[in-house]
């Protein structure tokens with residue numbers, strides 16, 4: 017079942033620990049994920065570890081689902097990185113800073129695979 | 031085996047300077063006192079071994095000499111009408127000076143990773159100034175500490191131990207027990223979990239919540255009707271009383287404010303709150319800067335060009351206007367016709383549209399590591415790691431200047447050497 | 013009367029800075045003079061003649077100079093910067109800083125304009141039939157005063173920070189605006205036909221009239237009651253009360 | 007490299023040359039008695055020639071200045087000029103970038119400038135900026151007035167440990183002299199408070215500003231430092247503060263100078279010579295302060311002259327800056343430095359029609375005109391607090407021409423008539439006196455007379471030539487010509503190199519950074535260091551090993567030796 021959520025992105029300890037090793041699977045493990053609270057995961061009807069597609073007005077990406085009950089209802093968190101930035105708002109609002117937080121997103125369960133970093137970036141070429 | 035004491039960490043804005051590094055035949059074998067982030071960078075990762083080039087972005091790289099790569103980099107910048115030189119935050123101030131000179135020479139826009147981090151804080155400083163203090167002042171005096179839109183447990187792991195919540199100081203001998211910790215965030219982070227009070231605000235409402243606090247503080251609670259940003263009025267009124275009762279209050283803020291709706295106005299509003307609190311008691315505000323030397327670029331760029339970020343040298347003199355001259359502004363407008371990405375990773379940390387444009391123009395990368403920027407680069411020049419293999423100056427998140435140590439000898443040229451040789455080559459191309 | 017028609021020779025992708033496209037710079041000049049005026053494309057110094065085809069009809073001083081811009085100027089910045097007199101007609105779009113610091117004369121745009129249109133305007137008139145982007149009629153970073161006089165009319169919508177740091181003059185946006193119109197307003201008048209959000213924050217003087225919906229009101233305004241302005245009844249607010257602001261915010 | 011300047015109308019007060027035509031011989035950066043025939047000749051053609059200008063108090067480098075730049079993009083965009091073959095791009099008016107600092111001072115014929123204040127913990131930043139300021143020789147005064155070690159040793163009345171700390175602090179910061187700003191107040195601002203006079207007790211440290219000032223003077227003389235204590239009095243910027251200034255100046259009698267110079271230099275006296283009790287009855291007390299200077303022989307001061315228009319106030323006087331920002335509804339930056347001092351930066355616009363501003367403007371000029379001996383009143387604008395240094399020529403013209411002063415007085419608020427004595431003062435300073443206030447006097451106050459501020463043999467070859475013939479001009483009448491000549495030197499020579507010609511920069515060599523290496527007895531140092539080590543262990547947020555400025559930050563040092571000798575304490 018689809019979940020409409022507000023997406024925010026930001027740092028995590030594991031994202032930081034692998035930031036200089038972005039070709040590694042550890043980096044993908046740390047950043048190609050989306051956190052939701054258990055209630056929202058219930059709405060999606062799948063379990064943490066399953067894969068979801070995240071669509072916004074600016075792009076789409078497939079990431080792994082992770083549970084974080086610190087999130088309020090309807091809030092999705094993807095660690096900063098190429099997977100998150102595939103769907104954030106590029107508009108700099110006249111101040112130079114793109115929209116990394118507060119993006120309307122549509123989340124759906126999917127069987128599609130999580131693209132590894134090189135393939136994810138290859139989409140832009 | 032050599033042991034380096036009081037070494038400095040080249041990862042986050044804390045620049046912890048009490049590390050012990052153990053080195054055996056030019057290899058770092060062990061580290062003491064670094065957090066997980068610092069340890070991961072200092073222990074090191076897989077590196078790009080040699081310069082490489084390719085004509086089009088889809089084909090594989092061909093290994094080349096430094097001479098060839100440097101010449102190609104110079105050609106790209108020399109021919110470019112609207113070059114962007116981005117990154118800088120993981121490099122030392124000595125590198126920034128070479129970068130700003132080269133940007134002048136080729137008429138480029140130079141911008142640093144603050145453009146996706148704390149550049150809005152700089153815009154706020156243009157509006158309101160910045161009432162702040164060095165971290166030791168907070169350690170010694172602060173009895174109320176607020177983290178607003180910032181999650182130090184994840185992003186600045188040793189901040190609370192060395193400088194804020196747990197640190198013992200002259201007037202704060204009891205450390206944690208002498209302090210009240212308040213966390214304001216849209217979600218309950220691990221940092222919020224260890225706070226005395228967690229104020230949960232709706233995403234994007236920080237600006238309104240801060241204005242409400244200021245209205246209450248200025249004696250106009252009557253205009254605040256019902257809840258603001260999901261925070262009941264009673265909680266806001268109580269929070270103002272708590273803040274006013276401090277002997278020395280400090281507010282640390284992060285991406286929660288700089289990247290949300292209203293952008294720089296969130297921080298400029300928070301600065302006004304701090305200024306107005308100073309009428310009652312001592313208050314300071316301090317940005318939780320991400321990279322260990324993103325602050326350093328702002329300092330060097332300010333004293334050399336008069337502006338801290340997003341400087342456009344197209345017409346031979348610095349022109350500054352974020353919203354027009356910041357990296358993502360010109361990339362989004364598809365104006366940039368060549369880019370140099372150095373000590374920063376635009377490929378990973380810029381929105382898709384910007385990376386898409388980078389994929390269509392010649393890109394020179396100067397960086398030790400293979401990352402998403404490498405994927406959209408044409409010329410890749412690997413360099414020594416600043417703060418590990420190269421010593422030099424960095425500025426901590428509170429603006430204190432420190433000298434990073436050399437822990438091991440470099441095996442590759444430094445950023446400074448590469449930039450100097452590119453600049454020489456550009457001058458030759460110009461017939462000087 | 014001198015009419016100068018100017019048209020890009022080819023598509024302009026790297027933005028051009030053309031502050032010399034102004035009646036003050038074209039008035040009383042020959043075609044050759046105009047062609048030799050400086051313009052910049054990125055870091056390349058060039059001339060107006062290089063980038064644009066010029067046709068001059070008749071002659072006359074700046075006050076009687078009408079410049080007609082044909083074709084796409086959406087990547088040509090600072091048109092009409094600092095103009096004191098004369099007329100500019102733009103049949104397409106225009107890029108940033110259109111009419112910045114103008115103190116007289118008139119600019120009329122059929123299409124859209126980018127950010128900072130009418131920045132630090134002192135007088136004269138700017139009419140935009142399409143949409144405006146960010147910082148319409150705003151100030152420069154760090155200045156305490158942006159627009160001081162003159163009038164801007166936008167038939168379409170405008171984005172965030174309309175009239176930021178306004179000290180005088182008038183801005184009319186018939187459509188919607190983005191967030192924080194009239195930010196730090198210190199004596200200007202802003203009329204918004206459509207919807208907006210967070211109007212009048214840190215206002216100390218001046219007037220903002222909103223005829224559409226305010227999505228989010230700032231918690232810093234005191235509701236004074238209803239009042240009619242030009243025959244329309246509004247809820248009248250005063251604020252921003254934090255700095256004892258004397259600004260007036262009318263919301264329909 | 008040899009240079010010969012002929013037909014120069016030289017004003018060299020130190021060597022008693024008062025405008026007579028002389029030749030100046032230069033060889034390898036020094037002034038010599040004669041040169042060979044191979045020397046390059048500059049025919050000064052009877053033009054005015056002085057030693058290179060020396061500025062003893064200007065905020066040109068460091069954390070405060072950079073905060074000013076970051077706060078004021080509107081200032082940076084106001085002074086922009088593109089790069090040339092020789093010069094880097096310039097920006098700013100009140101807070102210029104580092105290149106403009108060097109070029110603009112050299113264009114005015116100035117060759118030596120001292121940064122007015124650096125906290126030890128932020129000295130590395132100051133030196134990074136000094137390293138990038140072209141042409142001029144420079145140095146920085148190090149803040150000691152509210153440092154915890156200072157206050158501890160003053161409380162313990164242990165002058166040996168305090169002298170050791172000052173010596174160590176100068177080494178740590180590669181500083182040139184002892185700066186004391188609102189002593190005790192910087193510490194109290196740590197909790198948002200301030201001292202109100204020199205007898206208040208600083209909570210937690212149990213010392214008074216008076217004790218801090220006297221103790222620092224004693225150790226300054228014990229160490230035989232080239233410069234005296236450089237004092238920014240308590241209570242700056244408050245109506246009625248002239249009493250605090252007088253009481254502070256009184257303290258000079260408690261210590262005897264160890265060298266042929268003052269024992270106390272009181273800086274930017276314009277901001278500290280205020281009478282009245284509030285903004286309503288605010289008035290000038292410049293005459294009382296000048297009188298005190300005239301009657302004492304061990305105190306010097308500097309004007310801190312105000313220039314109408316845009317300025318940026320920046321000072322370690324944190325509490326004053328908060329009050330300023332609130333009064334002016336201006337943007338406000340504050341920079342507490344742990345265990346050391348405070349600081350604040352606030353933009354301001356001085357307006358002729360505001361009575362307080364007009365009175366302040368008059369006070370600065372009164373101080374110079376009422377202080378008889380120009381050696382006791384140096385010309386500064388406390389750049390950029392009173393105004394940017396590029397306006398020094400305006401101050402010179404005002405001091406040399408009563409006609410100009412009367413013209414200006416007509417344009418300012420008439421409060422200057424009732425609240426100051428300026429309109430009635432007709433003294434007009436001559437070239438000799440101006441040379442003292444801008445070269446000889448400043449060099450003497452700084453203790454650098456052996457190489458700076460004069461044109462005698464052995465001095466550094468720093469020379470400025472101005473496009474006026476002293477014997478063919480009446481500065482009182484042709485004050486506009488005086489102003490334009492002093493604002494743009496015909497020649498500036500720095501270390502024997504021609505660096506400016508007809509106001510244009512022709513060369514950009516890097517000058518030297520002056521700092522003082524003072525030696526103290528080993529056991530005093532070791533005793534003092536015990537306390538320092540404890541403070542770093544418990545209270546500083548960085549390690550001692552990462553505190554001191556390293557050699558890499560002073561690439562062209564000019565080290566001046568000093569050391570502890572017993573000092574007479576009367």
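Residue numbers (the numbering used here), protein chains in the order written: chain A, 17 to 141; chain B, 31 to 462; chain C, 13 to 264; chain D, 7 to 576. Backbone N, C-alpha and C fix where the C-beta goes; we use that ideal spot for every residue, glycine too. Fair warning: this is a prediction, and the values are worked out from it, not measured in the lab.
Selection from the options that minimises the alpha carbon distance to residue i
{"i": "residue 358 of chain D", "options": "D:214, D:414, D:493, D:68", "result": "D:414"}
{"i": "residue 464 of chain D", "options": "D:33, D:12, D:28, D:37", "result": "D:37"}
{"i": "residue 161 of chain C", "options": "C:152, C:172, C:180", "result": "C:180"}
{"i": "residue 257 of chain D", "options": "D:220, D:247, D:285", "result": "D:220"}
{"i": "residue 339 of chain B", "options": "B:199, B:141, B:242", "result": "B:141"}
{"i": "residue 368 of chain B", "options": "B:68, B:112, B:38, B:51", "result": "B:112"}
{"i": "residue 43 of chain A", "options": "A:141, A:134, A:140", "result": "A:134"}
{"i": "residue 336 of chain D", "options": "B:132, B:159, B:231, B:261", "result": "B:159"}
{"i": "residue 449 of chain D", "options": "D:59, D:47, D:30, D:28", "result": "D:59"}
Alpha-carbon spacing of residue i relative to residue j, whole angstroms
{"i": "residue 201 of chain C", "j": "residue 144 of chain D", "result": "51 angstroms"}
{"i": "residue 362 of chain B", "j": "residue 386 of chain B", "result": "9 angstroms"}
{"i": "residue 251 of chain C", "j": "residue 114 of chain C", "result": "30 angstroms"}
{"i": "residue 289 of chain D", "j": "residue 365 of chain D", "result": "7 angstroms"}
{"i": "residue 500 of chain D", "j": "residue 242 of chain D", "result": "36 angstroms"}
{"i": "residue 217 of chain B", "j": "residue 27 of chain A", "result": "14 angstroms"}
{"i": "residue 205 of chain B", "j": "residue 190 of chain B", "result": "10 angstroms"}
{"i": "residue 475 of chain D", "j": "residue 52 of chain D", "result": "6 angstroms"}
{"i": "residue 170 of chain B", "j": "residue 381 of chain D", "result": "44 angstroms"}
DSSP-derived helix/strand/coil call for residue i
{"i": "residue 186 of chain D", "result": "strand"}
{"i": "residue 36 of chain B", "result": "strand"}
{"i": "residue 575 of chain D", "result": "Summary for residue 575 of chain D: the model assigns pLDDT 48, below 50, so the residue's position carries little reliability; its value from the coordinates is reported in the next sentence. The answer is coil: DSSP assigns residue 575 of chain D none of H, G, I, E or B."}
{"i": "residue 280 of chain D", "result": "strand"}
{"i": "residue 453 of chain B", "result": "helix"}
{"i": "residue 290 of chain B", "result": "coil"}
{"i": "residue 321 of chain B", "result": "strand"}
{"i": "residue 193 of chain C", "result": "coil"}
{"i": "residue 146 of chain B", "result": "helix"}
Boundaries of the alpha helix (DSSP H) in which residue i is found, first to last residue
{"i": "residue 73 of chain B", "result": "66 to 73"}
{"i": "residue 81 of chain D", "result": "79 to 82"}
{"i": "residue 493 of chain D", "result": "485 to 493"}
Run of the beta strand (DSSP E) containing residue i, from where it starts to where it stops
{"i": "residue 249 of chain C", "result": "244 to 251"}
{"i": "residue 623 of chain D", "result": "Lying outside 7 to 576, the shown extent of chain D, residue 623 of chain D is not represented and no answer is given."}
{"i": "residue 563 of chain D", "result": "563 to 569"}
{"i": "residue 26 of chain D", "result": "23 to 33"}
Distance cut-off 7 angstroms: residue i Cβ against heavy atoms of the ligand PLP
{"i": "residue 174 of chain D", "result": "Among the components modelled here there is no ligand, and therefore nothing to report on the ligand PLP."}
Every unbroken beta strand (DSSP E) within the segment 350 to 417 of chain B, with a cutoff of 3 residues, ordered by chain:
Taken in chain order, the complete beta strand (DSSP E) segments of 3 residues or longer contained in the segment 350 to 417 of chain B are 368 to 372, 393 to 396, 409 to 411.
Which ranges does the alpha helix (DSSP H) cover as unbroken runs of at least 4 residues, wholly within the segment 55 to 83 of chain C, from first to last along the chain?
Scanning the segment 55 to 83 of chain C for uninterrupted alpha helix (DSSP H) segments of 4 residues or longer gives 60 to 63, listed from N- to C-terminal end.
Identify every run of the beta strand (DSSP E) within the segment 328 to 361 of chain D, keeping only runs that are complete inside it and at least 3 residues long; order them along the chain.
Runs found: 339 to 342, 350 to 356.
Within the segment 117 to 159 of chain D, note down every full alpha helix (DSSP H) run reaching 4 residues or more, in order along the chain.
The segment 117 to 159 of chain D contains these whole alpha helix (DSSP H) runs: 129 to 136.
Just list the beta strand (DSSP E) runs in the segment 133 to 221 of chain C, keeping only unbroken ones of 3 residues or longer that don't cross its boundaries, in chain order.
List check, beta strand (DSSP E) in window: 137 to 140, 163 to 166, 182 to 185, 198 to 204.
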